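Protein chains in written order, with our numbering: chain A, 1415 to 1603; chain B, 1415 to 1603. Encoded as structure tokens, the structure appears first; notes follow it.
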């Protein structure tokens, strides 16, 4: 299996669905439909990405860098794997799994910045919800229109302004080289 | 008909659907299904609200007030008419009608603020898309959880920060008394 070989974070969703189509007999013992498979894999992929962002940013002292790098990786993931991106967009702002996976992580990063005085945020829950909606809408733009190659930086800059970082500084932080994510190798079975 | 009597902007979507259920025979001559009716009325209602915001803000000199009041009225509309709010949330960030109706208006207001130097925006299209997504996500929060009574102001404050207004000033602008909208009487038929 692709996921077992390479870890879910490094396998494109389009590859998964191709394999799922080929091996339908086995898959449908566990899932009601092809959509269920894709939804389960997409959720697992969002969770895997969230965990990789946690590892990347855990020791970073600046909340603004943590927030900016995380948002940029989420946008880059949709560019690298458009099937994943479309699925996240289609799940939408009301989907419980996306809110459950991404909401607490975003709230944690925003709270860290607010408590240290780095960010200026009227309400953590409202800001979290705004980041989430802005992300999905930006992914939709990325997938359906021609966008500038540094769209991930422009989006991060916009969100850094939203949490009170001055425009010049937001631009500087959002245009720094993006550190790579690492995904652990899956245990051999 | 309610719409003809009072104008679409002043009729709750829940009232429309009640009438639609009662007079199903007539309605289904024009619409494929109840969902089509609700979608058409919801779109008309968004358009009507957009036009009312245009009238309210046309002569306001401060782009920050224009932007803030418009966002607050959109949030208030979902509180006043939750059926409308849910429908807008369900249409989602990828829905062409919502993008067509709200996108150009938001872009116009943001451009006005950017050109006058009032706002500091990295990219108008990205900011427009972020406002749109943040609005839908906030409407979802308003409709599905208990939110503070001044949620419209908190949301507007958050978005004013996003376009580069300093936090203190954004809070001041977003907490001013909200001017009422006016809807023209529908022509008698």
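A virtual CB, placed ideally from N, CA and C, is assigned to each residue, including glycine. Please read these numbers as outputs of a predicted model, since none were measured by experiment.
So, helix, strand or coil for residue 1569 of chain A, using DSSP? helix
Just checking: is the beta-carbon of residue 1537 of chain B within a distance shorter than 8 Å of some beta-carbon in chain A? yes
Can you list, in chain order, the residues of its chain whose CB lies under 8 Å from that of residue 1547 of chain B, leaving out five sequence neighbours each side? 1507
Go ahead and label residue 1514 of chain B buried or exposed: buried means 16 or more other beta carbons lie within 10 angstroms of its beta carbon, across all protein chains shown. exposed
Amino acids of chain B, ordered along the chain, whose beta-carbon sits closer than 8 Å to that of residue 1534 of chain A: 1575, 1581
Looking at C-alpha atoms only, which residue of B:1557, B:1500, B:1552 is the closest neighbour of residue 1570 of chain B? B:1552
Taking 8 Å as the CB-CB limit, is residue 1529 of chain B close to chain A? no
Excluding the five sequence neighbours on either side, which residues of its own chain have a C-beta within less than 6 Å of the C-beta of residue 1481 of chain B, listed in chain order? 1523
Please return the same chain residues whose Cβ sits closer than 7 Å to the Cβ of residue 1464 of chain A, not counting the five positions on each side in sequence. 1515, 1516, 1519
If you follow the alpha helix (DSSP H) that residue 1357 of chain B is part of, which residue opens it and which one closes it? Residue 1357 of chain B is absent from the structure shown; chain B starts at 1415 and stops at 1603.
Taking all protein chains shown into account, decide if residue 1472 of chain B is buried (16 or more other Cβ within 10 angstroms of its Cβ) or exposed. exposed
8 Å contact criterion, which residue 1567 of chain B and residue 1490 of chain B should meet: CB distance rounded: At roughly 10 Å, the Cβ-Cβ gap does not stay under 8 Å, so residue 1567 of chain B and residue 1490 of chain B are not in contact.
Answer yes or no: do residue 1572 of chain A and residue 1536 of chain B have a C-beta to C-beta separation smaller than 8 Å? yes
Taking the alpha helix (DSSP H) that residue 1480 of chain A falls in, what are its first and last residues? 1477-1494
If the cut-off is 9 Å on Cβ atoms, which residues from the region 1559-1572 of chain A count as contacting chain B, listed in chain order? 1559, 1561, 1562, 1565, 1567, 1568, 1569, 1571, 1572
8 Å CB neighbourhood of residue 1510 of chain A in its chain, flanking five on each side removed: none
Taking just the CA atoms, how far does residue 1477 of chain A sit from residue 1466 of chain A? 17 Å
How would you list, in chain order, the residues of chain B whose beta-carbon sits under 9 Å from the beta-carbon of residue 1494 of chain A? Result: empty, since nearest Cβ-Cβ is about 19 Å, beyond 9 Å.
If we ignore side chains and look at the alpha-carbon of each, how far apart do residue 1460 of chain A and residue 1582 of chain A end up? 31 Å
Using the Cβ count rule (16 or more neighbours within 10 Å means buried), how would you classify residue 1528 of chain B? buried
Might you give, ordered along the chain, the residues of its own chain that have their beta carbon closer than 7 Å to the beta carbon of residue 1538 of chain A, omitting 5 neighbours on each side? 1521, 1524, 1525, 1528
Taking the beta carbon of residue 1438 of chain A as the centre, do at least 16 other beta carbons fall within 10 Å, making it buried, or is it exposed? Reliability of the predicted coordinates at residue 1438 of chain A is poor, the pLDDT of 49 falling under 50, and the value obtained from them is presented with this limitation in mind. Exposed: under 16 other Cβ atoms inside 10 Å.
Is there a C-beta anywhere in chain A that falls below 8 Å from the one on residue 1546 of chain B? yes
Residue 1465 of chain A CB to nearest chain B CB: under 8 Å? no
Entirely enclosed alpha helix (DSSP H) segments - the region 1505-1539 of chain B, minimum 4 residues: 1510-1529
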